[in-house]
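S.K.: Let me give you the structure first, and then I'll get to my questions.
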Amino acid sequence: MRFLLDTEQRAFAESLDAMLTAAGTPAVARAWGRGEHAVGRAVWARLAEAGVFALAAPEAYEGVGPLPVELAVAFVELGRHAVPGPLVETVTATVLLAGLDDPGPAERLLPALVSGKAMATVAPAPGSYALDGDAAETRLSLDPAAGGLRLAPGHGPVRPSLDPARRLTHLSPGGELLAPHAPLPHALTWARLAVAAQALGVGLSLLDRTVAYVRQRKQFGVSVGSFQAVKHRLADAKVALEFARPLVFGAAVTLDPVDAAAAKVTACEAAYTTARTALQLHGAIGYTAEYDLSLWLTKARALRTAWGAPAECRDMVLSGGGRRR
Amino acid sequence: MDLARSPADEAFRAEARAWLRAHVPSEPLPSLETEEGFAAHRAWEAELAADRWSVVHWPTAYGGRDAGLPRWLVFEEEYYAAGAPGRVGQNGVNLLAPTLFDHGTEEQRARVLPPMACGEVVWAQAWSEPEAGSDLASLTSRAVRTAGGWLLTGQKTWSSRAAFADRAFGLFRSEPGTARPHQGLTYLMFDLRAPGVTVRPIGRLDGRPAFAELFLDDVFVPDEDVIGAPGQGWRVAMSTAGNERGLTLRSPGRFLAAADRLLGLWQERGSPASARDAVADALIGARAYELFTHAAASRFLQGTPIGPEASLNKVFWSEYDIALHETALDLLGEEGEAADTGWSEGYVFSLAGPIYAGTNEIQRDIIAERLLGLPKGRR
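Here the protein sequences come in this chain order: A and B.
Following the numbering used here, the numbering of the first sequence begins with 179 at its first residue and continues without gaps.
Following the numbering used here, the numbering of the second sequence begins with 389 at its first residue and continues without gaps.
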């Protein structure tokens, strides 16, 4: 038993971190929120080159996967840097397509997703939002009750999200039937793992930025970070994030739907409470759209309900029957 | 990164499980915070020790199995899953023994550890004083040099299990007037039945004498009961304080078993929606703690000592423990008020968690200053 990242996994995180720092992701996220996709696509291409979209795809479809631990490592970095776009959705689509009995759709659609030439989005049920339907080339809609998995012909108008970098769309009905039944539960596990890792990254970034801010910000003649009330809120955020982290990587190791649901609800709650703390400790500057902190604050709220609201994830945990299941 | 146990670890699990199935008392023992219960728990320790299950992580020379950290975790999982009794010797095993392994002499280990392992000598911790709780450096009880040893004088308090325990260990000021408060302290072991010792039991919230105050009046301690060098007591004590906050005091097995029992209770009560989130969070919290411990153990086995990260543990498990027991009492409804159930005993015990072993306020200061790098400030 060795429940730690190895040297290669840590190096992978560091290289993504360096690349995304250089890319200036806050400006990329702002442009994406305005519907300007060019710089976002450039970052996406570099992520694909680094192998991010190959991690969930089997070798048969030009992937290197399944490598869920590496995927979690990558999504923590994507969250830390507030990278916009249908990241989780592209992973989910990859797992859905790779899991079909008929290899045809995967052979046709997966190489473009793995190489970063195309983005995917997924509407997991009729009427659900599909993130960034306007940017994605591969739009998958699921109707588990009736119609199986379809390639949607288009998307409806873009509806703004609480997180300006997330663009909500409905998919157009109909379209090519790719499979009569789609293995949604397995894809959902990957989706929740990816959201959990992304949320953990969002929370870690919020904590780092807030610690840096309260160290330099002075009030009453001393650093705000020397006040015990401030320290204790940040200590609680640290505890929450550090206990979410092993759930995320544990879920990556087991790929158990119960573990993924537990990771999702816990990482999202930890990120969200960290966001509340970050906003409070920044004061009014944190409440402005101009200040970059807002990119993570709003994402923490949005991720909480993406791919399974807290109640849904807790139900999954309870259905697992506990330890001796 | 993996979570798989080796076949040898799984064989160890099977052996432990079989032994526990054959030996765990079918009826819970009386509360170990009563005289009768203390004696029953002492007998249980002797039964464990007879087959070398009382201190599996210790070297075989002192009654252990040299099992290592991963197997200790396995044993704890099986132990609590089997519903086995609480451990009366935990202050000695978890706090004094690691100190002796790190700083004691071979003679001290050979003399102190085997009777500790079988419950023949049960140890109490004598650290806190009326004016020195989490601010341990301010303690004032004295150790004064005398022929062949030391004379202890002063008052210790909140000493867990001291009402029925045999011996105690603690810090005493041996060099008054040092420049800094944590200098000039000496770490000593002493007999709770020695002349000059008065033990006054204190009832905790439920009235049971779970701790005591100790009045010391020229109590003689021979030189061989000093741990480490005289005057170096702070360093000796702090090198193992992380044990108390970290892994050993609360093993994940304990919470995994408790969360399972809570889930059972919830289902038994018709799975009320009102408690759904709290029960799910108890299951998730136990899993988080288990995995956090796996990561900490992996780091420890790679040679990274447990440092200020132990404060993350302590805040987490102490608050988790209370939340879990509150949920159980709520589920029990009216019956939750009854004081003679395992859940209520556990609830009362859990309430002390954020207070002892360094209050959670002190732990949060440590997290903020040593893990987040925030500046020191006025408390």
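Beta carbons are placed, not taken as given, at the ideal position from N, Cα and C, and that holds for glycine.
These numbers were taken from a predicted model, which means no experiment stands behind them.
#1: Assuming residue 732(B) is part of the alpha helix (DSSP H), what are its boundary residues?
#2: With three or more beta-carbon pairs closer than 8 Å as the criterion, would you say the segment 485-496 of chain B touches the segment 407-424 of chain B?
#3: For a contact defined as C-beta to C-beta under 8 Å, what are the partners of residue 750(B) on chain A?
#4: Compute the Euclidean distance between the alpha carbons of residue 343(A) and residue 524(B), then round it to the nearest angstrom.
#5: Using a C-beta cutoff of 8 Å, does residue 253(A) count as contacting chain B?
#6: Output needed in chain order: residues of the segment 702-717 of chain B with a Cβ under 7 Å from some Cβ in chain A.
#7: Name the chain A residues whose beta carbon is nearer than 8 Å to that of residue 470(B)?
#8: Please go through the same chain and pick out, in chain order, the residues whose beta-carbon is closer than 6 Å to the beta-carbon of residue 341(A), but skip the five residues on each side of it.
#9: Under the DSSP definition of a beta bridge, which residues are partnered with residue 547(B)?
#10: Mark residue 764(B) as exposed unless 16 or more other C-beta atoms lie within 10 angstroms of its C-beta, in which case mark it buried.
#11: For the beta strand (DSSP E) that residue 354(A) lies in, which residues bound it at each end?
#12: So residue 575(B) is in the beta strand (DSSP E); what residue range does that whole segment cover?
#13: Could you give the DSSP three-state label for residue 295(A): helix, strand or coil?
#14: Inspect the beta-carbon positions of residue 311(A) and residue 268(A) and report whether they are closer than 8 Å.
#15: I'd like the span of the beta strand (DSSP E) that includes residue 185(A), first residue to last.
#16: Mind pulling the chain A residues with CB within less than 8 Å of residue 667(B)?
#17: Taking Cβ-Cβ distances shorter than 7 Å, what residues in chain A pair up with residue 639(B)?
#18: Under DSSP, the beta strand (DSSP E) around residue 319(A) begins and ends at which residues?
#19: Where does residue 479(A) fall in DSSP's three states?
#20: Report back the beta-carbon spacing between residue 562(B) and residue 619(B) to the nearest angstrom; my notes put them in contact at under 8 Å.
#21: Looking at the C-beta of residue 759(B), does it have a partner C-beta in chain A at a distance below 8 Å?
#22: Check whether the Cβ of residue 700(B) lies closer than 8 Å to any Cβ atom in chain A.
#23: Residues of chain A with CB closer than 8 Å to the CB of residue 686(B), please, in chain order.
#24: So which residues of chain B does residue 425(A) contact, with C-beta pairs closer than 8 Å?
#25: Can you grab the Cα-Cα spacing for the pair residue 510(B) / residue 482(B), in whole Å?
#26: Of the residues that make up the segment 386-398 of chain A, which ones have a beta carbon closer than 8 Å to any beta carbon in chain B?
#27: Note down the Cα distance separating residue 530(B) from residue 754(B), rounded to an integer number of angstroms.
#28: Helix, strand or coil for residue 690(B), going by three-state DSSP, please let me know.
M.R.: If we stick to the structure as given:
#1: On the second sequence, residue 732(B) is found 344 positions in, with the first residue counted as 1. Residues 730-739.
#2: No: the two stretches stay apart, fewer than three of their Cβ pairs being nearer than 8 Å.
#3: As a working mapping, residue 750(B) is identified with position 362 in the second sequence. In chain order: nothing, as chain A lies at least about 11 Å away.
#4: The sequence position of residue 343(A) within the first sequence is 165, counting from 1. The sequence position of residue 524(B) within the second sequence is 136, counting from 1. Those two C-alpha atoms are separated by around 51 Å.
#5: By 1-based counting over the first sequence, the position of residue 253(A) is 75. No - not a single Cβ of chain B is within 8 Å of the one on residue 253(A).
#6: Of all residues in the segment 702-717 of chain B, 703 and 704 have a Cβ within less than 7 Å of some Cβ in chain A.
#7: If you number the second sequence from 1, residue 470(B) lands on position 82. What residue 470(B) touches in chain A: nothing, since even the nearest Cβ is about 12 Å away.
#8: For this step, residue 341(A) is matched to residue 163 along the first sequence. Same-chain partners within the cutoff: 476, 477 and 480.
#9: The sequence position of residue 547(B) within the second sequence is 159, counting from 1. By DSSP's assignment, residue 547(B) forms a beta bridge with 600(B).
#10: For this step, residue 764(B) is matched to residue 376 along the second sequence. That one is exposed.
#11: Counting from 1 along the first sequence, the entry for residue 354(A) is found at position 176. 354-357 is the extent of the beta strand (DSSP E) around residue 354(A).
#12: What you label residue 575(B) is simply residue 187 of the second sequence in a count that begins at 1. Residue 575(B) -> beta strand (DSSP E) spans 573-579.
#13: Position 117 of the first sequence, counted from the first residue, corresponds to residue 295(A). It is coil, neither helix nor strand.
#14: As a first step, residue 311(A) is located in the first sequence; it is residue number 133 there, counting from the start. As a first step, residue 268(A) is located in the first sequence; it is residue number 90 there, counting from the start. Not in contact: residue 311(A) and residue 268(A) (Cβ atoms no closer than 8 Å).
#15: Taking the first sequence and counting its residues from 1, one reaches residue 185(A) at position 7. Looking at the DSSP string, residue 185(A) is not in any beta strand (DSSP E); the run it does join, the alpha helix (DSSP H), is 185-201.
#16: For this step, residue 667(B) is matched to residue 279 along the second sequence. Within 8 Å Cβ-Cβ: 496.
#17: Here residue 639(B) is taken as the residue at index 251 of the second sequence, counted from 1. Residues of chain A passing the Cβ test: none, with the nearest at roughly 14 Å.
#18: Residue numbering aside, residue 319(A) sits at position 141 when the first sequence is read from its first letter. Segment 316-321, the beta strand (DSSP E) holding residue 319(A).
#19: Mapped onto the first sequence, residue 479(A) falls at position 301. Reduced to three states, the DSSP call for residue 479(A) is helix.
#20: In the second sequence, counting from the first residue as 1, residue 562(B) sits at position 174. In the second sequence, counting from the first residue as 1, residue 619(B) sits at position 231. Right, their Cβ atoms sit about 6 Å apart.
#21: Taking the first residue of the second sequence as position 1, residue 759(B) is located at position 371. By this cut-off, residue 759(B) is an interface position.
#22: Looking up residue 700(B) in the second sequence gives position 312. Cβ-Cβ to chain A under 8 Å: yes for residue 700(B).
#23: As a first step, residue 686(B) is located in the second sequence; it is residue number 298 there, counting from the start. Correct list: 179, 180, 181 and 182.
#24: One-based indexing of the first sequence puts residue 425(A) at position 247. Per Cβ cutoff of 8 Å: 672, 675, 676 and 679.
#25: As a first step, residue 510(B) is located in the second sequence; it is residue number 122 there, counting from the start. As a first step, residue 482(B) is located in the second sequence; it is residue number 94 there, counting from the start. Taking the straight line joining both Cα atoms gives about 12 Å.
#26: 389, 392 and 393
#27: Start at 1 with the first residue of the second sequence, and residue 530(B) comes out as number 142. Start at 1 with the first residue of the second sequence, and residue 754(B) comes out as number 366. Residue 530(B) and residue 754(B): Cα-Cα distance of roughly 28 Å.
#28: The count along the second sequence starts at 1 and reaches residue 690(B) at position 302. Residue 690(B) falls in the coil class under three-state DSSP.
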